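Protein chains: 2
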Amino acid sequence: MKPINPPSGINRRLMLSSLALLPALSGLSRPIPAAAQTSTEGGPLPSWNDGAAKRAILTFVRATTDPSNPGFVRPEDRIAAFDQDGTLWVEHPMYTQVVYCLERVPAVVEKQPELRDVEPFKTVLSGDREAMARLPMADLERILAATLTGMSVEEFTTEVQRWLAAARDPRWKRPYTELAYQPMLEVLRHLRDNGYRTYIVTGGGQDFVRVYAQQVYGIPPEQVVGTAGGTKFGYDTDGKPFLTKEPKLLLNNNDAGKPEGIHLMIGRRPNAAFGNSVGDREMLEWVGAGDGVRLKMLVLHDDATREYAYGPAQGLPDSKVGTFSPGLYDEAGKDGWTVISMKNDWKRIFAFE
Amino acid sequence: MKPINPPSGINRRLMLSSLALLPALSGLSRPIPAAAQTSTEGGPLPSWNDGAAKRAILTFVRATTDPSNPGFVRPEDRIAAFDQDGTLWVEHPMYTQVVYCLERVPAVVEKQPELRDVEPFKTVLSGDREAMARLPMADLERILAATLTGMSVEEFTTEVQRWLAAARDPRWKRPYTELAYQPMLEVLRHLRDNGYRTYIVTGGGQDFVRVYAQQVYGIPPEQVVGTAGGTKFGYDTDGKPFLTKEPKLLLNNNDAGKPEGIHLMIGRRPNAAFGNSVGDREMLEWVGAGDGVRLKMLVLHDDATREYAYGPAQGLPDSKVGTFSPGLYDEAGKDGWTVISMKNDWKRIFAFE
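If you read the sequences in order, they're chains A and B.
Each residue of the first sequence is one higher than the one before, counting from -8 in the working numbering.
Each residue of the second sequence is one higher than the one before, counting from -8 in the working numbering.
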């Protein structure tokens, strides 16, 4: 294990905004009764209610795949981009990756016992969530560096796989990988069935999401664009080469970083983009500025019963995680982006319901 | 146009090593008689002579695509990586992208007349190749910054397309895009016909290669991994978003940068890799260190008559562009990499022969 250096800004906002929510965690141990609605409708989006959102998706796919339609897109050019946290799976009360980082701290300290009495590790080990929420930025960055870097890419993958197999969301008591939104899984499949390559474009860590993206979303590693740190090539004592994850930020894939990351990783403009927060604004603008038929959609979390309700758009409670601002809502209305109401547009939220 | 800042190291080696060769250009205006050999053999690699190299490719493809073979690779996991300069097309006497940068200087000066009497633009405009070869590093970086950054990604693409349509290689008097090696185009196709996704992994500029990779190699933009600079998201006066190419190096995709770039862009280890120089060593090592059947190949430029001859491996003339060192040759022999002799393994070099 290498000495821990402060990573230059790896997902600073993600970490900070999540930790600010930590005190709210304590009340979250009661399961919600499953809505248990199953669809009897045919068609490719069975978990969607009829409405503007479902129609926007079906219309887009028909227009871009019908050779006689002026909006036709050649199969090799069909690309759709999806934010992950809050768009494809649950992001409240805290991003799953941040939970991972905090829960990895005991294992890190076990390997480096000298950290036990050093901040911020001491505070995280104490379990005092209010104290954790008050940790200064430099300390939060040390947690990210210690849990996301300093190991080989294979070791990191193995650690995340192990954690995902054991960890349970406190509300639904299920693996985090089961908290993907069933209606969105149907959109991914419908687009792929119509020749689209589906990409994740996430503010979360690229290597973290890659571990489960194939299994959960059917999306291979090369189609995950995320916040990415550098790696360093080296050799082990047997001369076998390996890559070490370094505390060096290459791409902060949030806000303007999303179209920039899309250019780096895909090199062309997607035809469709899905998001749910102000961090997706520039991606939707970039996708919308292209020629031809474009699909721009935002998931609004307005279902406190079946999932969570937060905005502060539309008078929903404010949130530092996955903020959907009134300004974003206005821009959506003005520019023809479709807002998906989880409450009204989705028959069910999860596959297990 | 933004003021030109020195880019932090964008392809410094590429630029320097190419310019060092400039004096050699003057003698290169005589066309070589076409070899005009056409194959009568069947099979997927008609431009290859029978031999160890051709057999290595065919054996690899059979082993990894036959479900009853222990080396079988699932179709979704089949990935092959190709260096470009010197592996897929001609790199002598100078990398094509460096020719582009030098030939763009007059257009840059036309837009910014104040540069006319400023170094290094003054020297490049003079056409004095010996003086150009003596330009200091900081000046060379200014040429790269001025010709590869400071414009939108669409403007850059348009400029490269225009240049490629008009520019001619001085030896063959043909567009650079016709100087792809026919035997390697057949390898790309044979791999794709067998379910492999083919990637370019080049020290050249990612955005430069993306302009023609689909047309020349059948490789889409998202499968080009290259030396990459950052972009910056912004809005034009009408509020339309665009991305500007910035003089900021994100990925130096040479040497150890190749496996690092592969991890960033692909996120998994290719099964096959093709290169031709010391800059490909770490990529081949990385690919070779994976499990199962692996194909590692190096193109040796040993055909002074039909193309160029350089090493200095095997007593061939030394070269700063595309160096194939004796040490690399030894490593290939020791680790089971196959060296492709252009002279002996290839029936023809170009499609136009």
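Ideal Cβ placement from N, Cα and C applies to all residues, glycine included.
Only a predicted model underlies this, so the values are computations on that prediction, with no experimental measurement involved.
If you reduce the DSSP assignment to three classes, tell me which class residue i lands in.
i	result
B:S332	strand
A:A137	helix
B:S117	helix
A:L182	helix
B:L126	coil
A:I253	helix
A:D76	strand
B:D293	strand
A:R188	strand
A:Y172	coil
A:V144	helix
A:P104	helix
A:Y301	coil
A:Y208	helix
A:K45	helix
A:F51	helix
A:Y203	helix
A:V89	helix
A:A264	strand
A:K325	helix
B:A156	helix
B:G318	helix
B:F112	helix
A:P238	strand
Using a beta-carbon distance below 8 Å, is residue i in contact with chain B?
i	result
A:R65	no
A:Q206	no
A:L234	yes
A:L135	no
A:Q28	Annotation note: pLDDT 41 at A:Q28 (below 50); position unreliable, no value reported.
A:L255	yes
A:T189	no
A:G258	yes
A:F199	no
A:P212	yes
A:E276	yes
A:L241	yes
A:F224	yes
A:A264	no
A:E273	yes
A:V144	yes
A:V215	yes
A:A247	yes
Between which residues of its own chain and residue i is the CB-CB distance below 7 Å, once the five residues before and five after are set aside?
i	result
B:D336	W39, N40, G42, A44, K45
B:Q88	G195, G196, F199
A:F112	V96, V100, L106
B:Y203	L155, T168
A:E237	T140, G220, G221, T222, K223
A:T353	Outside the shown range of chain A (-8 to 344) lies residue 353 of chain A, about which nothing can therefore be said.
B:P317	P303, A304
With 8 Å set as the bound, which would you pick, yes or no: does the beta-carbon of residue i sit closer than that to a beta-carbon of chain A?
i	result
B:L319	no
B:P308	no
B:E251	yes
B:K231	yes
B:L179	no
B:A219	yes
B:E344	no
B:E101	no
B:F147	no
B:A300	no
B:A72	no
B:A323	no
In chain order, what residues of the same chain lie with their CB nearer than 8 Å to the CB of residue i, ignoring the 5 residues before and after it?
i	result
B:G118	none
A:G186	T56, P66, R69
B:I340	A26, Y172, Q173, P174, D294, R297, E298, M333
Please return the same chain residues whose Cβ sits closer than 6 Å to the Cβ of residue i, not counting the five positions on each side in sequence.
i	result
A:T314	S268, V269
A:T148	V202
A:P35	H181
B:P232	Y226
Original post:
Touch check for the region 214 to 228 of chain B and the region 279 to 298 of chain B: three-plus C-beta pairs under 8 Å?
Top reply: No contact exists between the region 214 to 228 of chain B and the region 279 to 298 of chain B.
**OP:** Specify whether the region 71 to 88 of chain B and the region 170 to 187 of chain B touch according to this definition: at least 3 beta carbon pairs, one from each stretch, less than 8 Å apart.
**Re:** Yes, the region 71 to 88 of chain B touches the region 170 to 187 of chain B.
Subject >> the region 223 to 232 of chain B touching the region 255 to 263 of chain B, judged by at least three CB pairs closer than 8 Å >> reply: Touching, no.
Original post:
Is there contact here, the region 278 to 287 of chain B with the region 295 to 312 of chain B, by at least three beta-carbon pairs under 8 Å?
Top reply: No, the region 278 to 287 of chain B is not in contact with the region 295 to 312 of chain B.
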